[in-house]
Structure formats: structure tokens, C-alpha cells
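To keep things clear, I will list the structure first and then write my remarks on it.
Residue numbers (my numbering): 83 to 348.
Dropping the structure here:
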């Protein structure tokens with residue numbers, strides 16, 4: 083019996099999942115009572131603060147708190163429960179889903195050899211108190227969170243952008259931010275270095291990271307026809323043209339008389 087025929091055209095371009103984003107299966111959660119140390123830690127926190135949810139996941143205790151208690155909770159964890167390192171602190175953009183940011187603090191206790199994650203949810207314009215006075219590593223983490231997500235932090239000693247220029251528009255790690263940047267990103271360096279009047283002369287910034295200019299011997303070598311660094315393009319050599327067909331890159335060697343066409347194309 084013959085196998086049924088299936089269309090093999092553009093297989094690599096077809097989506098693997100019917101939804102837009104693949105949602106990975108969630109890691110199993112264990113009850114806190116299964117670990118004696120975490121049970122004691124949680125009881126200390128519950129005696130002082132409102133704990134909305136708690137469980138163990140991959141051997142780490144995860145607790146959800148009220149965002150207004152973030153400083154007091156982390157101070158208790160540091161001073162009373164020996165969680166002496168803040169190894170990671172950032173946000174997750176859930177604005178499209180619930181209009182909130184998920185804030186997390188990843189803590190490590192070198193005395194207990196345990197890891198604990200504190201989580202909370204804040205609204206888009208809600209102000210979050212800084213914990214940089216408790217953990218020095220939170221200083222740059224909070225600046226990065228403000229720069230990349232736009233999360234507003236109060237009480238920080240030097241709250242300004244960390245990675246992007248001070249006059250940059252919007253926040254690049256939000257899910258609504260274009261992958262290749264917006265118009266501001268496209269013209270930023272040209273406007274800053276030369277001025278807006280040079281836009282028509284220089285043109286927009288090339289944002290296609292996969293583009294290869296076969297005549298550029300400073301940043302790229304001629305594939306299959308290696309030349310010295312910075313050499314002038316030679317008309318005697320064959321040119322390489324890349325053409326994508328069905329998700330597979332095919333190399334075509336053009337004749338000498340076709341060199342002009344390739345040069346105009348690139």
C-alpha cells in the first residue's frame with residue numbers, strides 16, 4: 083500500500099503550531115510541605131505578610147506577594163532567613179493579556195544552599211519601590227527594567243536609562259515594540275551625527291542583519307573566491323548571488339558579463 087501524498091512545497095515556511103506563539107507545557111508544582119526548610123521559611127513570611135500563592139518548582143520556592151510589601155519581604159528574607167544574594171531581578175510584559183507586569187526577584191541562600199523566587203504583579207503605571215538599599219545587584223537591574231520595560235521605580239539613587247540613550251523613545255523589550263525598531267530607531271544615528279537634513283543623502287539605517295554585499299571586502303569575504311582584506315572588487319572573478327528557494331539557499335555563479343547586473347542589485 084502506497085503512502086498518501088503530502089505537499090512538500092515551502093515546508094520550512096509553514097508554521098509548526100496553529101497559534102501564533104508556542105506555549106510550553108508548565109513545569110509541575112510541588113507542595114511546600116515537601117521541603118522542611120521551605121516550610122519554615124514560608125511560615126515566617128506568612129506570619130508577617132499576605133502570601134497570595136506558594137509552591138515549589140524545580141527545587142525552588144516560589145511565593146507571590148503584594149507589590150507594596152516588596153521591600154519588607156526582601157528585608158525579612160535577607161536578615162532573618164539568610165537569603166544573602168539577589169541573583170536576578172526583572173519583569174515580564176503581560177500588558178496585552180492582563181494590563182500588568184510580572185516582577186520577579188531571584189534569591190540565593192549560600193548558607194542553606196536554597197533558591198527562592200519572589201513574584202508580584204503591578205499595573206503599567208504603578209510605581210514599584212526600589213530594593214537597591216537591600217541588595218546592591220538591584221541597582222543596575224532596576225535601571226535595566228526601567229529602560230527596557232518602562233517600569234517606574236521610586237527610591238532609586240540614580241534612576242536613568244542603562245542601555246539606550248537618554249532621549250530614546252519607548253522601551254525595546256515590550257512585546258509591542260517592533261523587532262527591527264521603529265522609525266525613531268531607523269533614523270536615530272543619522273539624525274544625531276549628521277542631522278535630519280542628511281536623511282535623503284545617506285538613507286535609512288540598514289537593519290537587515292542577513293544582508294550580504296558581495297562587493298564588500300571589508301566586512302565580508304567573497305564566498306568560494308577568497309580575496310585579501312579590503313581588496314577592490316575584480317571584474318575577472320565570478321560573483322555570487324544568493325537566492326532563496328523553498329527555504330534552501332542556492333548559490334549561482336554568474337558569468338563575467340552578468341557582473342554589472344549583480345553590482346546594480348547590491
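All C-beta atoms in this analysis are idealised placements derived from N, C-alpha and C, irrespective of residue type, glycine included.
Suppose contacts are defined by Cβ-Cβ distances below 8 Å. Is residue 174 in contact with residue 210 by that definition? On the chain shown, position 92 is the one that residue 174 refers to. On the chain shown, position 128 is the one that residue 210 refers to. Contact flag unset, no.
Pair every Cβ in the segment 117-131 with every Cβ in the segment 149-169, then say whether three or more of these pairs are closer than 8 Å. yes
Have a look at residue 135 and residue 255 and give me their C-alpha separation to the nearest angstrom. Counting from 1 along the chain shown, the entry for residue 135 is found at position 53. Counting from 1 along the chain shown, the entry for residue 255 is found at position 173. If you take the alpha carbons of residue 135 and residue 255, they lie about 27 Å apart.
Would residue 222 and residue 244 be called neighbours here (beta carbons separated by less than 8 Å)? Residue 222 sits at position 140 when you count from the first residue of the chain shown. Residue 244 sits at position 162 when you count from the first residue of the chain shown. Yes. Within cutoff.
Helix, strand or coil for residue 109, going by three-state DSSP, please let me know. To locate residue 109, count along the chain shown from 1; it is residue 27. It is coil, neither helix nor strand.
In chain order, what residues of the same chain lie with their CB nearer than 6 Å to the CB of residue 229, ignoring the 5 residues before and after it? Counting from 1 along the chain shown, the entry for residue 229 is found at position 147. Contacts found: 243, 244, 245, 246.
Coil, strand or helix - residue 197 by DSSP: Within the chain shown, numbered from 1, the residue matching residue 197 stands at position 115. Residue 197 falls in the strand class under three-state DSSP.
Just to confirm the assignment, what range does the beta strand (DSSP E) spanning residue 209 have? Position 127 of the chain shown, counting from 1, holds the residue named residue 209. For residue 209, the enclosing beta strand (DSSP E) stretches over residues 209-211.
Among 251, 265, 142, which residue has its Cα nearest to the Cα of residue 187? Translated into the one-based positions of the chain shown, residue 187 becomes position 105. Considering only alpha carbons, the answer is 142.
Taking the straight line between their C-alpha atoms, what separation do you get for residue 144 and residue 266? Taking the chain shown and counting its residues from 1, the one referred to as residue 144 is at position 62. Taking the chain shown and counting its residues from 1, the one referred to as residue 266 is at position 184. Near 39 Å, if we compare the C-alpha coordinates of residue 266 and residue 144.
Residue 159, DSSP secondary structure in three states: Translated into positions along the chain shown, residue 159 becomes position 77. The answer is helix: DSSP assigns residue 159 an H, G or I state.
Own chain, CB closer than 7 Å to residue 327, minus 5 neighbours either side, in chain order: Translated into positions along the chain shown, residue 327 becomes position 245. Bear in mind that the predicted position of residue 327 carries a pLDDT of just 42, short of 50, making it unreliable; the figure below should be weighed with that in mind. Counting only Cβ-Cβ distances below 7 Å, and skipping sequence neighbours, we find nothing.
Residue from 139, 129, 194, 272 with nearest C-alpha to residue 110: Along the chain shown, one-based indexing puts residue 110 at 28. Residue 139 is the option with its Cα nearest to residue 110.
If you draw a straight line from the C-alpha of residue 272 to the C-alpha of residue 182, how long is it? Numbered from 1 along the chain shown, position 190 holds the residue referred to as residue 272. Numbered from 1 along the chain shown, position 100 holds the residue referred to as residue 182. One C-alpha to the other measures close to 35 Å.
Restricting to Cα atoms, I'd like to know which of 184, 199, 279 is closest to residue 208. Here residue 208 refers to the residue found at position 126 of the chain shown. Comparing Cα-Cα distances from residue 208 to each of 184, 199, 279, the minimum goes to 184.
Rounded to whole angstroms, what is the Cα-Cα separation between residue 232 and residue 251? Working through the chain shown from its first residue, we reach residue 232 at position 150. Working through the chain shown from its first residue, we reach residue 251 at position 169. Those two C-alpha atoms are separated by around 11 Å.
Just how far apart, CA to CA, sit residue 105 and residue 126? As a first step, residue 105 is located in the chain shown; it is residue number 23 there, counting from the start. As a first step, residue 126 is located in the chain shown; it is residue number 44 there, counting from the start. Taking the straight line joining both Cα atoms gives about 35 Å.
State the Cα-Cα distance for the pair residue 116 and residue 260, rounded to the nearest angstrom. If you number the chain shown from 1, residue 116 lands on position 34. If you number the chain shown from 1, residue 260 lands on position 178. When rounded, the distance between both Cα atoms is 44 Å.
Along the chain, where does the alpha helix (DSSP H) containing residue 76 start, and where does it finish? Residue 76 lies beyond the stretch modelled for the chain, which goes from 83 to 348, so this question has no answer here.
Out of 285, 289, 137, state which residue places its alpha-carbon closest to the alpha-carbon of residue 197. Sequence index remark: in the chain shown, residue 197 carries index 115 (1-based). Minimum Cα distance to residue 197 is reached at 137.
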